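Position in the sequence shown counted from 1, then plus 963, gives you the working numbering.
C-beta: ideal position from N, C-alpha, C; glycine also.
As the structure is a computational prediction, the values presented were derived from the model and not from experiment.
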Amino acid sequence: MKHRHLLLPLAIAAGVLSLSACKKEASPGETGASGKAGTETADEFVARINAEFKADMPEQTSAQWLSQTYINEDSQRVAAKANERALTKLNSWIEQAARFEGQPMSEDSRRTLALLKLQTPMPAPKDPAKLGELTTIATKMEGAYGAGTYCTGEGDAKKCRQLGELEDVLRSSRDYDAQLDAWQGWHSIATSMRNDYARFVELVNEGAREQGYANAGAMWRSAYDMDPDAFAAETDRLWDQVRPLYEQLHCYTRDKLQQTYGVEKGQVAGGLLPAHLTGNMWQQDWGNLWDMLQPYPGAGDLDITAALEKQYQQELRAAQQKRGASPDARASFEAEREARLAVAKKMTERAQDFYVSLGMPKLPQTFWERSQFIKPLDRDVVCHASAWDMDMEGDVRIKMCIKPNEEEFTTLYHELGHLYYDLAYNPQPPLFQNGANDGFHEAIGDTIVLAMTPKYLESIGLVNAQQQTREALINEQMRMALAKVAFLPFGLMIDRWRWGVFDGSITPDNYNAAWWQLKARYQGVAPAGARGEEFFDPGAKYHVPGNTPYTRYFLAHLLQFQFYKSLCEAAGHTGPLYQCTFYGNPEAGKKFQAMLARGASQPWQATLKELTGSEQIDGGAVLEYFAPLQEWLEQQNQGRQCGWEAPAAAAPAPAKQG
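Right under this line is the structure:
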């Protein structure tokens, strides 16, 4: 995902669909590593599949990389077939593993076999025809998202825009109708996915049931070293902790929208925020509303976008000068592309510098040679930011379409967090090369983002010298809250929707209604007009057609504050939490690196305790960090009617594990 961006990435670590094809599929009775059929021990079996897993991975990840960076029928066919072979092999391994139940084995082998069934969020049916159908649908939906285009007009007046251009409208325009058109335009690209998605759900549910789970949602919730129902209850507990802070931010934002657009346009009935006015296509990050939400204009110069734009203009002038005093149109265009790539790489180098300052290595040269930094001109690509470990041996990459703005800048710190996690646990056995849980993986880079304090930004020349005033502090906290706090309910509702889809409480003829009921319930947002079942608005968010579980991002937005607090303590910080940066601190770096190196080798509760002293995820650090802003918001909202009324239809509850 794009955090702030924000997130999530298809190919972080060695998890989703990171198995690869092999020339010969294993079968339950096949001769094992010992050389004699039926005599392979559990430990030998685990050693064998770890070796095969790692050997197969480069082919699979290369197919996925091509399908996202060269979107066409050929690359989609190659990716679908690679996934088909990978899932066939995974099913074979899972079937073979069953014969070791109750047999003696090492604790590492026992954990490996437990993790084996959770290696993909796309459990495939054993039936080869259905498995092939599943991988074809999955690749098709992801390709449709990446190539999604909204066109208006006819003939010479025809204008087509992809996601990036439509996002720019929401980011910078304050024209109500232009924003509504851009929002509706992007959501129109998902309509064709609806039937494919319904069939996709049938197929992954069949695969999950064959592995012993009630449905795919129950399987997802089983991946947290705890009972799946207990996990669902735990996310409710965490949301209840932080919800009052979100409600205050929502109340303040609604008032500002009404001041800008008028009382009628600035809210939807029931006090809900209009979906197209939050500055973000999915209402997950409100940072683009800074011009209207800034508490104290001019207090604390934190205009990172302006500084990055200035750097781009400097690169552009240098590129133009290389081409002479009066470059022609082609030369000017080439200068622009050169400048965009140069500033994108410099932004990435700056993000790398933070990790290196903690004692971590520089990224390998292949990273700079093989990553996608800007959008190519000659083909469709998935611009959604993601981080990739291609081979478990150091071939790490990012895939982005970087622009010189604050959102993309912090996204780079986030994505590099994935890569440094990958590099730290690469020495682990392959099936332990993943996050302690998926929320950990998403929290690493965002922990670094929290440490990007005004003092840090000043030290790297992105902002002017800062005066520590109360007004500057509230501005700083508001900027952070528009990304971190605004995101929290969104991080919950996507999987609440999918859990309902998977367990059957949300049916295909109710997909869109249930989506907007959950958005109203958790986020307090609504579309400006009716969105009937002729639409498939969930498909307009990458993680739905991309089948990436989303609760990880909710967990990450809590874990990152816990990680941050622990690293600040390791660095010897004694002031308010929000003032801490551990940039350049080797003690914080050593503690962080030790946690990263654990990977998935032990239950996440143990890994969390080693870093923070607690086995429980907790929202307390979030509230401690934002305490000044919450107090300020409560003062600002006095006399206002806060809260909202969601539609009467009840949101679905997750199914019980069967």
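By the DSSP assignment, the beta strand (DSSP E) with residue 1186 in it spans what residues?
The residue given as residue 1186 occupies position 223 in the sequence shown. Going by DSSP, residue 1186 is part of no beta strand (DSSP E) at all; its letter is neither H nor E.
Is it right to say residue 1621 is buried, meaning 16 or more other beta carbons lie within 10 angstroms of its own, or is it exposed?
Translated into positions along the sequence shown, residue 1621 becomes position 658. Note that residue 1621 has pLDDT 39, beneath the 50 cutoff, so the model's placement of it is unreliable and no number is given.
Using 8 Å for Cβ pairs, my map puts residue 1034 next to residue 1258. What's the rounded Cβ distance?
The count along the sequence shown starts at 1 and reaches residue 1034 at position 71. The count along the sequence shown starts at 1 and reaches residue 1258 at position 295. Contact between residue 1034 and residue 1258 fails: their C-beta atoms lie close to 43 Å from each other, not under 8 Å.
What is the rounded straight-line gap between the Cα of residue 1100 and the Cα of residue 1478?
To locate residue 1100, count along the sequence shown from 1; it is residue 137. To locate residue 1478, count along the sequence shown from 1; it is residue 515. Taking C-alpha positions only, residue 1100 is separated from residue 1478 by approximately 22 Å.
Where residue 1449 and residue 1596 are concerned, what is the direct C-alpha to C-alpha distance, given to the nearest angstrom?
For the purposes of this step, residue 1449 is taken as residue 486 along the sequence shown, with counting starting at 1. For the purposes of this step, residue 1596 is taken as residue 633 along the sequence shown, with counting starting at 1. For residue 1449 and residue 1596, the distance between alpha carbons rounds to 14 Å.
Is the segment 1182-1196 touching the segment 1528-1546, taking contact as three or more C-beta pairs under 8 Å?
Between the segment 1182-1196 and the segment 1528-1546, the count of C-beta pairs closer than 8 Å stays below three; the two stretches do not touch.
Using C-beta distances below 7 Å, list every residue in its chain close to residue 1287, excluding the 5 sequence neighbours before and after it, in chain order.
Locating residue 1287 in the sequence shown gives position 324, where the first residue counts as 1. Answer for residue 1287: no residue qualifies.
Inter-residue CB distance, residue 1239 and residue 1125 (contact presumed, cutoff 8 Å):
Along the sequence shown, one-based indexing puts residue 1239 at 276. Along the sequence shown, one-based indexing puts residue 1125 at 162. The C-beta separation of residue 1239 from residue 1125 comes to about 18 Å, leaving the pair out of contact by the 8 Å criterion.
Apart from the five residues just before and just after residue 1587, which ones in its own chain have a Cβ nearer than 7 Å to its Cβ?
Within the sequence shown, residue 1587 is the residue found at index 624, counting from 1. Result list for residue 1587: 1540, in chain order.
When burial is assigned at 16 or more other CB atoms within 10 Å of the CB, is residue 989 buried or exposed?
On the sequence shown, residue 989 is found 26 positions in, with the first residue counted as 1. Here residue 989 scores only 35 on pLDDT, less than 50, and its place in the model is too uncertain to base an answer on.
Which runs of the beta strand (DSSP E) fall wholly inside the segment 1307-1365 and span at least 3 residues, in chain order?
Taking only runs of at least 3 residues, the beta strand (DSSP E) segments lying wholly in the segment 1307-1365 are 1349-1352 and 1359-1362.
With a cut-off of 8 Å, do at least 3 Cβ pairs link the segment 1280-1296 to the segment 1376-1393?
Using a Cβ-Cβ distance cut-off of 8 Å, the segment 1280-1296 and the segment 1376-1393 are not in contact, since fewer than three pairs of beta carbons, one from each stretch, lie closer than that value.
CA nearest to the CA of residue 1005, picked from 1069, 1558 and 1017
Translated into positions along the sequence shown, residue 1005 becomes position 42. The option with the nearest alpha carbon to residue 1005 is 1069.
Under 6 Å Cβ to Cβ from residue 1104, same chain only, skipping five residues before and after it: list those, please.
Here residue 1104 refers to the residue found at position 141 when the sequence shown is read from its first residue. Within the same chain, and ignoring the five residues on either side of residue 1104 in sequence, the residues whose Cβ sits closer than 6 Å to its Cβ are 1156, 1159 and 1508.
Under 8 Å: do the segment 1080-1090 and the segment 1129-1138 share three or more Cβ pairs, one atom per stretch?
At 8 Å Cβ cutoff, the stretches do not touch.
The alpha helix (DSSP H) with residue 1531 in it runs from where to where?
Stepping through the sequence shown from its first residue, residue 1531 is reached at position 568. Counting along the chain, the alpha helix (DSSP H) containing residue 1531 begins and ends at 1514-1533.
With DSSP collapsed to three states, give me the class of residue 1153.
Stepping through the sequence shown from its first residue, residue 1153 is reached at position 190. Looking at residue 1153 - three-state DSSP - the assignment turns out to be helix.
Just to confirm, are residue 1220 and residue 1211 a CB contact at a threshold of 9 Å?
Here residue 1220 is taken as the residue at index 257 of the sequence shown, counted from 1. Here residue 1211 is taken as the residue at index 248 of the sequence shown, counted from 1. Remark: C-beta atoms of residue 1220 and residue 1211 do not approach each other more closely than 9 Å.
Under the rule that 16 or more other beta-carbon atoms within 10 Å means buried, what is residue 998, buried or exposed?
Walking along the sequence shown from the start, residue 998 turns up at place 35. Because the pLDDT of residue 998 is 39, which lies under 50, any placement of that residue in the model is unreliable, and the number read from its coordinates should be weighed accordingly. Exposed is the call here.
Quick one: any contact between the segment 1389-1406 and the segment 1324-1339, if contact means 3 or more CB pairs under 8 Å?
Flag = no, the segment 1389-1406 and the segment 1324-1339 do not touch.
Residue ranges of each alpha helix (DSSP H) within the segment 1529-1592, 4 or longer
The segment 1529-1592 contains, as complete alpha helix (DSSP H) runs of 4+ residues, the segments 1549-1561, 1567-1575 and 1583-1588 (chain order).
At 3 residues or longer, and completely inside the segment 1415-1467: list those beta strand (DSSP E) runs for me, N to C.
Fully contained in the segment 1415-1467 is no beta strand (DSSP E) run of length 3 or more.
With 16 other Cβ atoms within 10 Å as the buried cut-off, status of residue 1123
As a first step, residue 1123 must be located in the sequence shown, where it is residue number 160. Counting Cβ neighbours within 10 Å, residue 1123 comes out exposed, since fewer than 16 surround it.
Taking buried to mean at least 16 other C-beta atoms within 10 Å of its own C-beta, is residue 1226 buried or exposed?
Taking the first residue of the sequence shown as position 1, residue 1226 is located at position 263. Answer is exposed; the Cβ neighbour count stays below 16.
Is residue 1576 closer than 9 Å to residue 1417 when the C-beta atoms are compared?
Reading the sequence shown from its first residue, position 454 is the one you call residue 1417. Reading the sequence shown from its first residue, position 613 is the one you call residue 1576. With contacts defined by Cβ atoms closer than 9 Å, residue 1417 and residue 1576 do not form a contacting pair.
Classification of residue 1023 by the beta-carbon crowding that lies within 10 angstroms, buried from 16 upward
For this step, residue 1023 is matched to residue 60 along the sequence shown. With 16 or more Cβ atoms within 10 Å of its Cβ, residue 1023 is classed as buried.
Considering only their Cβ atoms, is the gap separating residue 1559 from residue 1407 smaller than 9 Å?
One-based indexing of the sequence shown puts residue 1407 at position 444. One-based indexing of the sequence shown puts residue 1559 at position 596. Less than 9 Å separates the beta-carbon of residue 1407 from that of residue 1559.
Quick one: any contact between the segment 1551-1567 and the segment 1394-1413, if contact means 3 or more CB pairs under 8 Å?
Output reads yes: the segment 1394-1413 touches the segment 1551-1567.
In the segment 1228-1257, which residue ranges form an unbroken alpha helix (DSSP H) of at least 4 residues, counting only runs that do not cross its ends?
Within the segment 1228-1257, the complete alpha helix (DSSP H) runs of at least 4 residues are 1253-1256.
Hey, could you find the ends of the alpha helix (DSSP H) residue 1275 is sitting in?
If you number the sequence shown from 1, residue 1275 lands on position 312. Unbroken alpha helix (DSSP H) run through residue 1275: 1267-1284.
Out of 1428, 1233, 1119 and 1376, state which residue places its alpha-carbon closest to the alpha-carbon of residue 1486.
Working through the sequence shown from its first residue, we reach residue 1486 at position 523. Out of 1428, 1233, 1119 and 1376, 1233 has the C-alpha closest to the C-alpha of residue 1486.
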